[in-house]
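In the working numbering, the protein residues as written are 161 to 336.
In this text, a Cβ means the ideal position worked out from N, Cα and C, and glycines have one as well.
Spelled out as structure tokens, the structure:
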């Protein structure tokens with residue numbers, strides 16, 4: 161009988177923990193997208209006002225953040241500087257692909273990564289005005305995602321936590 165109670169408690173805590181973890185993933189995704197927006201604004205400033213070459217701008221922005229997003233920017237800058245015949249689009253796509261690897265484990269969705277990859281398709285193309293427009297378009301997409309996450313954060317976090325706990329309770333009842 162004691163093992164039944166112990167098993168029930170473990171199931172209840174595991175399911176509740178999964179709900180809390182899901183809510184934390186929602187908050188972390190919002191935080192990462194806000195940090196990415198800030199970095200894109202910095203990059204826009206580097207290109208537009210400093211008239212820095214793209215590799216230099218990416219490197220400066222990447223050095224501001226020691227996390228995985230900063231690594232994305234600095235690695236892309238290094239790829240450009242190596243001049244191995246790859247286009248910026250290929251370099252950027254490869255580096256964004258590394259963000260979705262299981263080793264990094266960022267809570268970004270496939271849509272987030274797809275939009276970020278799309279940024280690299282037009283970045284570095286033509287002149288400063290075209291790059292500025294590309295960054296503005298990406299910032300608008302990013303703002304829409306951030307607004308959605310902010311407006312639904314309280315509701316979704318409560319939902320995930322409650323569903324985790326209630327799902328655990330349902331499993332415990334079903335086990336008896």
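Check your understanding: Is the CB-CB distance between residue 329 and residue 172 below 8 Å?
Key -> Taking the first residue of the chain shown as position 1, residue 329 is located at position 169. Taking the first residue of the chain shown as position 1, residue 172 is located at position 12. Taking 8 Å as the Cβ cut-off, residue 329 and residue 172 qualify as a contacting pair.
Point to revise | Residue range of the unbroken alpha helix (DSSP H) whose run includes residue 269 | key: Position 109 of the chain shown, counted from the start, is the residue given in the question as residue 269. Here residue 269 belongs to no alpha helix (DSSP H), and DSSP marks it neither H nor E.
**Study point:** Close beta carbons around residue 192, own chain, < 8 Å, minus the five adjacent residues each side
**Key:** Locating residue 192 in the chain shown gives position 32, counting from the first residue. So the list reads 229, 266, 267, 268, once near-sequence residues are dropped.
Review point. Which ranges would you report for the alpha helix (DSSP H) in the region 225 to 298 if only whole runs of at least 4 residues count?
Key: 228 to 242, 248 to 259, 270 to 282
**Study point:** Supposed close pair residue 175, residue 284 - CB separation, criterion 8 Å
**Key:** Translated into positions along the chain shown, residue 175 becomes position 15. Translated into positions along the chain shown, residue 284 becomes position 124. Between residue 284 and residue 175 the Cβ distance is about 47 Å, and since that is not below 8 Å, they are no contact.
**Study point:** Any 3 or more C-beta pairs closer than 8 Å across the region 281 to 300 and the region 309 to 324
**Key:** Remark: fewer than three beta-carbon pairs, one from each stretch, lie closer than 8 Å, so the region 281 to 300 and the region 309 to 324 are not flagged as touching.
Practice item. Provide the residue span of the alpha helix (DSSP H) that contains residue 201, from first to last. Key: Taking the chain shown and counting its residues from 1, the one referred to as residue 201 is at position 41. Element bounds for residue 201: 162 to 208.
Point to revise | Under 8 Å between C-beta atoms of residue 275 and residue 207 | key: For the purposes of this step, residue 275 is taken as the residue at position 115 of the chain shown. For the purposes of this step, residue 207 is taken as the residue at position 47 of the chain shown. Not a contact, by the Cβ cut-off of 8 Å.
Practice item. Report the residue from 306, 312, 205, 316 whose alpha carbon sits nearest the alpha carbon of residue 181. Key: Your numbering for residue 181 matches position 21 in the chain shown. Closest option to residue 181, Cα to Cα, is 316.
Review point. Helix or strand or just coil, what does DSSP make of residue 336?
Key: Counting from 1 along the chain shown, the entry for residue 336 is found at position 176. DSSP places residue 336 in coil when its eight states are reduced to three.
Exercise for review: May I have the straight-line CA-CA distance separating residue 334 from residue 178, to the nearest angstrom?
Suggested key: Taking the chain shown and counting its residues from 1, the one referred to as residue 334 is at position 174. Taking the chain shown and counting its residues from 1, the one referred to as residue 178 is at position 18. C-alpha separation (whole angstroms): 19 Å.
Review point. To which residues of the same chain is residue 237 closer than 7 Å at the C-beta, ignoring the five residues directly before and after it?
Key: Counting from 1 along the chain shown, the entry for residue 237 is found at position 77. For residue 237, where only same-chain residues beyond five positions count, the Cβ hits under 7 Å are 215, 218, 219, 222.
Exercise for review: Taking all protein chains shown into account, decide if residue 161 is buried (16 or more other Cβ within 10 angstroms of its Cβ) or exposed.
Suggested key: Position 1 of the chain shown holds residue 161. Residue 161 comes out exposed.
Practice item. Could you tell me if residue 164 is buried or exposed, where buried requires 16 or more neighbouring beta carbons within 10 angstroms of its beta carbon? Key: The sequence position of residue 164 within the chain shown is 4, counting from 1. Exposed, because fewer than 16 other Cβ atoms sit within 10 Å of the Cβ of residue 164.
Check your understanding: When you compare only the Cα positions, how much space is there between residue 188 and residue 310?
Key -> Translated into the one-based positions of the chain shown, residue 188 becomes position 28. Translated into the one-based positions of the chain shown, residue 310 becomes position 150. Taking the straight line from one Cα to the other gives about 12 Å.
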